[in-house]
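Residue numbers (our numbering), protein chains in the order written: chain A, 10 to 322; chain B, 125 to 449.
Ideal placement from N, C-alpha and C gives every residue a C-beta, glycine not left out.
Contents: one structure, followed by commentary.
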Amino acid sequence: MADTEYATGARFFRALLRQKKAATGAVILLFFLALALLAPLAFPGDPTRFVARQNQAPSARHLLGTNGQGQDVLAQLALGARTSLFVGFSVGFLITLLGLAIGMTAGYLGGLADGLLNTFTNVFLIIPALPLLITLASFLPPGATTVALVLTATSWAWPARVFRAQTLSLREKDFVAAALASGEGSRRIIFAEILPNMLSLVVSSFFGNVVYAIGADVGLAFLGFEDLNKVSWGTMLYWSQNNSALLTGSWWTFVPPGLCVALVAFAMTMLIYAIDEITNPRLRSEKEIAGVLKKLGLGQRRSTPVLPYGNER
Amino acid sequence: MKYVLRQLGLYLLAAWVSVTLNFVLPRTMPGDPVTALVGKMRGRLDPQAIEALKATFGFTKGPLIQQYWQYLSHVMRGDFGLSLSAYPVKVTTIISTALGWTLLLGLVVIVLSFVIGTALGVLVGWKRGGLLDSILPGFLSFVGSFPYFFLAMLALFGLGFELKWFPMAHAYSDALSPSMSWAFVGSVLYHLVLPAGTVILVSVGGWLIGMRSTMVGVLAEDYVTMAEAKGLSERRVMYRYAARNAILPNMTQFGMSIGFVFGGQILTEIVFSYPGLGFYLVRAVNAHDYPLMQALFLMITLAILVANFIMDLLYVRLDPRVRAS
């Protein structure tokens with residue numbers, strides 16, 4: 010059990026904080042969370058109200074200028090963070106939950122139930138998500154609930170597959186056999202024995218799902234399949250495109266929201282890499298060996314290095 | 125063989141699910157979409173067209189199972205009815221022209237991003253810890269976190285609008301008509317640069333990182349040490365020994381990525397007004413052109429399923445272990 014040592018509780022998170030990648034990711038993410046939380050205080054009032062002439066370039070009065078409808082871009086950006094992050098995190102959570110439920114059930118039960126659930130998962134995995142998303146979104150009434158439901162329904166399959174594989178391999182471990190032999194029930198084995206041992210996988214999958222959800226939400230809004238009166242990063246991009254920002258040269262209406270989406274996704278990706286590095290000893294040792302080699306003046310090596318006696322790790 | 129059959133079964137099942145979803149979805153809407161549509165068209169449809177429309181959707185008087193059967197037989201015959209937004213053009217006519225553009229863009233993007241990403245991954249994995257290795261993966265994963273269409277907007281604005289290096293819309297110059305002349309082919313390629321380039325830039329990082337990590341694993345193998353010890357040239361060890369074995373796991377992702385790349389492509393087509401399937405899909409949705417929309421959804425889904433299946437067949441050719449099991 011390579012990851013049990015870290016996977017449980019506080020040590021995992023302490024190790025996470027020591028990582029440079031994790032720190033970068035965490036700082037960016039915290040910045041946006043703070044922005045989302047404090048937005049109503051910093052930018053009181055309706056972000057869709059008319060404040061100045063249309064398409065004005067950034068100035069001291071309006072730090073990010075105004076958009077094609079004469080609205081303040083910075084205020085929209087800050088308040089839009091609330092909508093986009095809320096949708097991203099809640100849908101990411103739902104996807105992870107559904108994936109866990111289906112994947113773990115299949116992996117734990119095995120047999121016919123696994124066969125059926127696994128086929129079901131695979132079918133959903135190969136049906137492309139975006140066309141299905143667009144078609145679903147066009148038939149259902151527009152709104153936040155529709156978006157959340159549709160996004161969850163189209164993207165649980167990948168995490169389910171990952172969780173199933175992990176459950177399958179953990180189920181064969183001795184500690185599960187011991188728990189079974191000591192007469193523990195299925196519920197306890199699933200929640201107290203198997204789940205804590207795949208915590209790192211669940212956390213990184215959650216981050217991945219949040220990234221996906223934010224991106225898909227922005228994409229759907231950009232295509233006009235969401236409530237366009239609501240301010241979010243996606244609707245900002247939609248209005249920017251629809252008010253021909255590209256043809257009037259008002260870059261300040263579409264660069265900031267796109268950059269925010271990218272930064273949040275980047276922060277999450279950094280956290281995922283950091284978790285990978287902590288829980289995968291092979292990646293960690295690669296770094297340590299590189300350090301040792303440098304000290305010995307051996308430079309970069311392609312194959313496994315043969316170290317002089319006394320310097321083995 | 126068993127593997128191929130199992131995959132084929134899976135794809136057929138997925139195809140059936142999509143076809144059935146296509147049947148069920150319009151029926152979850154309150155009321156009858158055909159009637160709703162006729163209302164929206166404000167009498168511009170003649171009664172014959174309405175009947176034909178109902179027949180294509182399978183919205184007949186009979187019980188649901190009979191409707192489903194009728195719908196299936198229409199799909200089987202490739203009869204998707206007439207487009208409403210471009211009435212009375214056949215849906216299949218619109219699709220056949222759009223399909224070509226989508227295939228062109230999709231193939232260029234998938235092949236180039238795979239080749240470039242894998243080649244860079246080999247280099248970066250080989251010179252681990254080098255200059256390239258410390259810059260490229262980080263940079264590309266940052267670029268990869270941009271939404272596909274946002275990068276497309278940036279490119280359109282910077283290279284198309286500001287610098288006027290590339291055209292801003294369509295698949296070929298408006299002054300030309302499709303023909304097999306050099307001028308036309310050149311124009312098509314010229315119009316392809318930005319849409320393809322942006323999707324490649326976003327998707328190349330995934331290949332690079334995947335290839336790098338399998339390279340790292342393969343380089344630790346004894347046969348690589350052996351090859352080096354034998355004094356083989358660096359190029360030979362890198363390509364013939366390491367890269368060749370590392371590429372296989374990367375190939376498994378190829379099939380999966382087709383769907384994702386296509387998702388990005390739909391959005392890119394919108395930004396560049398590139399007349400592919402994605403462009404028409406969104407246009408059909410906005411115009412409430414349900415026959416066109418349903419046919420496009422099926423077409424796109426089936427195309428991706430077929431592409432995936434071809435990848436599976438290729439994989440069997442490449443990996444003897446799959447063939448043996």
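The alpha-carbon of I333 (chain B) is positioned some 9 Å away from that of G249 (chain B).
Residue contact check for A115 (chain A) against chain B: no CB pair falls below 9 Å. The DSSP assignment places 255 to 268 and 272 to 279 as complete runs of the alpha helix (DSSP H) inside the region 230 to 315 of chain B, in order along the chain (cut-off: 4 residues). Within chain A, no C-beta atom comes less than 8 Å from the C-beta of V323 (chain B); the nearest is roughly 13 Å away.
Just so you know, the alpha carbons of R62 (chain A) and L272 (chain A) end up roughly 29 Å apart. Those residues of the region 129 to 144 of chain A placed with their C-beta closer than 7 Å to a C-beta in chain B are N131, V132, I135, I136, P137, A138, L139, P140, I143 and T144, ordered along the chain. Interface annotation, V264 (chain A): in contact with chain B, CB-CB separation under 9 Å. Taking a beta-carbon distance threshold of 9 Å, Q80 (chain A) does not count as an interface residue toward chain B. Think of a sphere of 7 Å around the beta carbon of W260 (chain A): the chain B residues whose beta carbon falls inside it are F281, in chain order.
Secondary structure of T144 (chain B) (DSSP, three-state): helix.
Collapsing the DSSP output to three states places T75 (chain A) in a strand. For the pair A351 (chain B) and N369 (chain B), the Cα-to-Cα distance works out to about 14 Å. Any Cβ of chain A closer than 9 Å to the Cβ of V246 (chain B) would place that residue at the interface, and such an atom is absent.
In the structure shown, the three-state DSSP call for D183 (chain A) is helix. In this structure, the beta-carbon distance from D257 (chain B) to R336 (chain B) falls below 9 Å. For F274 (chain B), the nearest CB of chain A lies under 9 Å from its own CB, placing it at the interface with that chain.
Out of A:L42, A:P56 and A:A146, the CA that lies nearest to the CA of N410 (chain B) is found in A:A146. By the 16-neighbour rule on beta-carbons within 10 angstroms, Y439 (chain B) is buried. For T105 (chain A), the closest C-alpha among the options A:P53, A:L204 and A:F184 is that of A:L204. Chain B places a beta carbon closer than 9 Å to that of F231 (chain A), counting this residue as a contact. Contact annotation for L46 (chain A) against chain B: no contact, minimum CB-CB distance about 23 Å [criterion: below 7 Å]. Around the beta carbon of D346 (chain B), fewer than 16 other beta carbons lie within 10 angstroms, which makes this residue exposed. Comparing C-alpha distances from H315 (chain B) to each of B:L244, B:A419, B:V232 and B:S265 shows the shortest one belongs to B:V232.
Within the region 377 to 391 of chain B, the residues whose Cβ lies closer than 7 Å to any Cβ of chain A are, in chain order, G383, F386, G387, I390 and L391. The beta-bridge partner set that DSSP reports for K214 (chain B) consists of B:L206. DSSP places Q194 (chain B) inside the alpha helix (DSSP H), whose first and last residues are L188 to M200. Neighbours of Y135 (chain B) in chain A, taken as residues whose beta carbon is under 8 Å from its own, are I135 in chain order.
Annotated as proximal: N238 (chain A) and T57 (chain A), with beta-carbon spacing under 9 Å. Rounded to whole angstroms, L134 (chain A) and V301 (chain A) show a C-alpha spacing of 43 Å. If you draw a straight line from the Cα of M200 (chain B) to the Cα of W165 (chain A), it comes to about 30 Å. Residue range D346 to A353 is occupied by the alpha helix (DSSP H) that includes E352 (chain B). Here D81 (chain A) is bridged, per DSSP, to A:T75. For the 9 Å CB-CB criterion, F263 (chain A) and L255 (chain A) form a contact. The CB of V409 (chain B) comes closer than 7 Å to the CB of I143 and S147 in chain A, given here in chain order. With fewer than three CB-CB distances shorter than 8 Å, the region 279 to 286 of chain A does not count as touching the region 104 to 123 of chain A.
Taking CB atoms only, G89 (chain A) has no neighbour in chain B less than 9 Å away.
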